[in-house]
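One structure is given below, encoded as structure tokens.
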Amino acid sequence: MVISFLLVGLVFTGCGDKPTNETKQSAAPVKQEAKQVAKKETKKVVWKLAMTWPSTLTPLASPTHNLAKMVSDMTDGNFKIELHGKEKHKAALGILDFVKNKQYEIGHSGSYYWKGKDINTIWFTTVPFGMTMKEQYSWFYYGDGMKYMNKVYDRFGILNFPGGNTGVQMGGWFKKEIKTADDLKGIKMRIPGLAGEVMAKLGVSVTNIPAGELYTSLDRGTIDALEWVGPGMDIKMGFHKVAPYYYTGWHEPASEMQFMVNKKAFEKLPKAYQNILITAMKASASDMYYENFHASSEAWAKMKTEFPDIKVKSFPQPVMQKMKDATTEVFNKYASENKLFKEIYINQQAYIKKARAWSKMGEYGYIQTTDSLK
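Numbering (our numbering) for the sequence shown: 1370 to 1743.
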């Protein structure tokens, strides 16, 4: 099913006592326009949304709170979305099945969690050495990203939409310094997605652990290292207390969350509600990146003074090269086994080639040429 996106300005609304910010000036015009579209529609609809994270874990959960508020506001309270976090449904990695089976009409998670069901789901979160956030969103909305997204999720009876982006993620917290690739061998690490397979090739014992269990697992020695998101979220989790080495990223350059919508439930909505839902998802997803960027900027500025024991490092170039080589091996393996994987891989690499040239010349070029000025 092809969904036509409403091209509207990005709207960011707050959530009452929730941690996300409210910008009433930008929200008001679009909310008013949406109300006019829906003014003749008074059907009462209540949906349930299941998310992978605890409902209070911002900014990962923020898009869901913003979505629920926007949808309610733009329908004068006629379309409600109830939010159920991991603390409610107890199945952090069961969201796809919840939505597929219509236990929940909508879900919020990360697409790469479902690579065991379909390896092609990884393309819609992020891949090692892949796209930046701006490159990825451009591919989604103006390249072929959404086409492939709907193709992959159609067999589950699900419509998939971008659900918020963390931007580039840090490479992880380690209890010991990584000086050579040999130092990775035998380490027990929480790292999901294709990056987990890459690290496994380098001798890492890989596992995937839900957010609520990460600190305890690291503290008790169940794992020796983990990657999570970035300073804005990581410091709040307390990982630095037990794993002082903090490495810069390579594996998740633009981690996209997802809104999964049960296709049949969506089709039963009045057209006005469909358009409002799509608009609200797009706005809520965009706001997450800005919230997380702000939080990480603030946390990064404080780290050197408030957390002097954190040792920020980059992986040595020889280690990075081994990671890159292992990534290529993993890509080639799946491309040889899965026709669609190969097609998306070729498509995305071609897009990166063009987009990266402008990324380097544009924003990165500006930073490089102006940073040293007095």
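Just so it is clear, CB atoms sit at the ideal spot from N, CA and C, and this is done for glycine as well.
Since the model is a prediction, treat every value here as computed from it, not as a measurement.
Cα-Cα separation between residue i and residue j, rounded to whole angstroms
{"i": "T1549", "j": "G1446", "result": "57 Å"}
{"i": "V1688", "j": "K1554", "result": "12 Å"}
{"i": "A1695", "j": "N1716", "result": "21 Å"}
{"i": "H1434", "j": "K1417", "result": "12 Å"}
{"i": "D1678", "j": "P1600", "result": "14 Å"}
{"i": "I1578", "j": "R1559", "result": "6 Å"}
{"i": "S1653", "j": "I1475", "result": "14 Å"}
{"i": "I1604", "j": "T1535", "result": "15 Å"}
{"i": "K1632", "j": "K1743", "result": "55 Å"}
{"i": "F1530", "j": "V1630", "result": "8 Å"}
{"i": "A1419", "j": "Q1737", "result": "43 Å"}
{"i": "Y1506", "j": "S1728", "result": "13 Å"}
{"i": "H1477", "j": "V1468", "result": "10 Å"}
{"i": "L1571", "j": "A1564", "result": "11 Å"}
{"i": "F1448", "j": "Y1473", "result": "15 Å"}
{"i": "F1543", "j": "A1594", "result": "5 Å"}
{"i": "E1451", "j": "V1414", "result": "11 Å"}
{"i": "M1730", "j": "G1514", "result": "24 Å"}
{"i": "A1641", "j": "L1528", "result": "17 Å"}
{"i": "G1479", "j": "M1626", "result": "5 Å"}
{"i": "K1484", "j": "L1465", "result": "11 Å"}
{"i": "M1518", "j": "F1628", "result": "12 Å"}
{"i": "G1734", "j": "K1412", "result": "52 Å"}
{"i": "M1439", "j": "S1431", "result": "12 Å"}
{"i": "K1673", "j": "T1490", "result": "38 Å"}
{"i": "K1503", "j": "Y1510", "result": "11 Å"}
{"i": "M1443", "j": "K1702", "result": "47 Å"}
{"i": "A1668", "j": "L1709", "result": "40 Å"}
{"i": "T1576", "j": "G1562", "result": "10 Å"}
{"i": "I1592", "j": "E1712", "result": "36 Å"}
Candidates the options: closest to residue i by CA position
{"i": "Y1482", "options": "L1571, T1494, A1652 and K1471", "result": "T1494"}
{"i": "I1556", "options": "P1428, G1526, E1596 and K1682", "result": "E1596"}
{"i": "V1521", "options": "M1439, W1492 and V1496", "result": "W1492"}
{"i": "V1598", "options": "K1471, F1710 and A1664", "result": "A1664"}
{"i": "D1551", "options": "P1561, L1709, M1568 and L1462", "result": "M1568"}
{"i": "I1488", "options": "V1440, E1706 and Y1735", "result": "E1706"}
{"i": "G1532", "options": "E1410, H1609, S1655 and A1612", "result": "S1655"}
{"i": "W1508", "options": "E1621, Y1720 and M1657", "result": "Y1720"}
{"i": "G1540", "options": "Y1616, Y1511 and Y1517", "result": "Y1616"}
{"i": "F1311", "options": "M1602, K1702, K1545 and K1459", "result": "The structure shown does not extend to residue 1311, since the chain is modelled only from 1370 to 1743, so the question has no answer here."}
{"i": "P1497", "options": "L1462, F1700 and K1711", "result": "F1700"}
{"i": "E1636", "options": "S1586, G1526 and D1740", "result": "G1526"}
{"i": "S1441", "options": "K1459, E1410 and Q1690", "result": "E1410"}
{"i": "K1486", "options": "R1524, K1516 and A1461", "result": "R1524"}
{"i": "K1723", "options": "G1512, A1460, K1459 and E1698", "result": "G1512"}
{"i": "T1585", "options": "A1612, E1660 and E1546", "result": "A1612"}
{"i": "E1546", "options": "G1618, D1588 and K1682", "result": "K1682"}
Anticipated Cβ contact below 8 Å, residue i with residue j, distance rounded
{"i": "S1666", "j": "Q1538", "result": "That pair is no contact at about 15 Å."}
{"i": "Y1714", "j": "A1704", "result": "5 Å"}
{"i": "L1436", "j": "M1650", "result": "6 Å"}
{"i": "H1609", "j": "F1676", "result": "6 Å"}
{"i": "P1622", "j": "T1501", "result": "6 Å"}
{"i": "M1657", "j": "P1428", "result": "5 Å"}
Residue i, enclosing alpha helix (DSSP H) - first and last residue
{"i": "P1325", "result": "This structure gives no information on residue 1325, because the portion of the chain shown stretches from 1370 to 1743."}
{"i": "T1738", "result": "E1732 to T1739"}
{"i": "M1515", "result": "G1514 to Y1522"}
{"i": "M1502", "result": "M1502 to Y1511"}
{"i": "I1464", "result": "I1464 to K1469"}
{"i": "L1563", "result": "G1562 to K1570"}
{"i": "L1418", "result": "First-last for L1418: V1414 to M1420, but that is the beta strand (DSSP E), not the alpha helix (DSSP H)."}
{"i": "E1675", "result": "K1640 to E1675"}
{"i": "P1600", "result": "P1600 to M1606"}
{"i": "D1588", "result": "L1583 to D1588"}
Proximity test, Cβ basis, 8 Å: residue i and chain B
{"i": "F1628", "result": "Going by chain labels, chain B is absent from the structure shown, which holds only one protein chain."}
Run of the beta strand (DSSP E) containing residue i, from where it starts to where it stops
{"i": "M1439", "result": "Per DSSP, M1439 belongs to no beta strand (DSSP E); it is in the alpha helix (DSSP H), S1431 to M1443."}
{"i": "M1629", "result": "E1625 to N1631"}
{"i": "S1478", "result": "I1475 to G1479"}
{"i": "S1574", "result": "S1574 to T1576"}
{"i": "Y1614", "result": "Y1614 to Y1616"}
{"i": "E1456", "result": "Per DSSP, E1456 belongs to no beta strand (DSSP E); it is in the alpha helix (DSSP H), K1455 to H1458."}
{"i": "L1791", "result": "The displayed coordinates of the chain run from 1370 to 1743. Any statement about residue 1791 would go beyond what the structure contains."}
{"i": "F1543", "result": "G1541 to F1543"}
{"i": "K1680", "result": "K1680 to K1682"}
{"i": "G1557", "result": "Here residue 1557 is Lys; the residue named in the question, Gly, does not match the sequence. Where K1557 is concerned, the enclosing beta strand (DSSP E) stretches over K1557 to R1559."}
**Item:** the stretch 1453 to 1467 / the stretch 1421 to 1429 touching (three or more Cβ pairs under 8 Å)
**Value:** Contact between the stretch 1453 to 1467 and the stretch 1421 to 1429 is present: three or more C-beta pairs spanning the two stretches fall below 8 Å.
**Item:** At least 3 beta-carbon pairs within less than 8 Å: the stretch 1568 to 1582 vs the stretch 1646 to 1661
**Value:** Taking 8 Å as the limit for Cβ pairs, the verdict is that the stretch 1646 to 1661 does not touch the stretch 1568 to 1582.
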